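First residue of the sequence shown: 1, per UniProt numbering; consecutive thereafter. Have a look at the structure below before the remarks.
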Amino acid sequence: MGLYRIGGVNSKVQKLMTTVFSSKAPVDMDLDPEMWDNKTITSGLKNYLRCLSEPLMTFKLHKDFIMAVKSDDQNYRVCAVHALVHKLPERNREMLELLIKHLVVVSAQNQSNLMTVSNLGVIFGPTLMRSQEETVAAMMNIKFQNIVVEILIENFNKVKPQIHVYKY
């Protein structure tokens with residue numbers, strides 16, 4: 001099982017979420033590996049992204065991202081996804097850049113963590129791009145959501161938002 005496919009113990013994940021989102025938590029909080037195992041941290045990250053009221057890649061741009069990756073022209077797909085990333089709200093772009101940068105590192109170590117670009121697309125596609133309505137049509141588009149995430153990871157240097165991420 002891959003790094004992001006193994007779920008953490010729910011009580012530990014909830015404790016992590018409470019700790020991280022506590023008003024007393026420092027902004028640049030470091031997660032001590034002695035206290036928090038990988039399963040807990042990865043489950044916490046996925047949980048956080050799933051619980052956002054609007055997905056990171058926004059409901060508004062959802063259909064545009066899907067249409068972009070339905071093209072047979074790979075170069076067009078990359079360019080279209082790049083253009084759409086730049087239409088995201090600034091905070092969303094910042095968070096997306098941090099996440100994709102992390103996923104690039106994770107995918108580069110797929111021999112040990114079993115997280116290929118394709119596997120990461122399956123895990124993060126529906127989370128980053130969930131549809132506003134859960135319809136049959138939305139379910140049919142899940143594979144395209146996965147492809148969007150794959151394009152972001154494989155083409156990070158071409159697609160990244162080109163913004164400065166400030167440390168607070």
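No residue lacks a Cβ here, since even glycine has one placed at the ideal position from N, Cα and C. Predicted model only: the values in this text are computed from it and were never measured.
Asked	Found
Which residue spans inside the UniProt domain "Rho-GAP" (1-160) form an unbroken alpha helix (DSSP H) run of at least 4?	10-20, 38-51, 59-69, 74-85, 90-108, 110-113, 117-128, 136-140, 142-154 and 156-159
Buried or exposed: where does Tyr76 fall if 16 or more other Cβ atoms within 10 Å of its Cβ makes it buried?	exposed
With burial defined as no fewer than 16 other Cβ atoms inside 10 Å of the residue's Cβ, what is the status of Pro89: buried or exposed?	exposed
Determine the contact status of Lys60 and Ile6, defining contact as a CB-CB distance below 7 angstroms.	no
Count Cβ pairs between the stretch 29-39 and the stretch 96-110 that sit closer than 8 angstroms; are there 3 or more?	no
Find out if the Cβ-Cβ distance for the pair Gly8, Ser43 is shorter than 7 angstroms.	yes
Tell me the rounded alpha-carbon separation between Met139 and Val69.	16 angstroms
Within 10 angstroms of the Cβ of Arg93, are there 16 or more other Cβ atoms? Answer buried if so, exposed if not.	buried
Nearest-angstrom Cα distance between Arg50 and Asp73?	31 angstroms
Out of Thr116, Leu128 and Phe144, which one is the CA nearest neighbour of Ser53?	Leu128
Count the other CB atoms, across all protein chains shown, that sit within 10 Å of the CB of Arg91; report buried if there are 16 or more and exposed otherwise.	exposed
What's the C-alpha gap between Gln14 and Thr116?	27 angstroms
Would Asn141 pass as a contact of Ile66 if the rule is Cβ separation under 7 angstroms?	yes
Keeping to the same chain, check which residues put their C-beta closer than 6 angstroms to that of Val20; ignore five residues upstream and five downstream.	none
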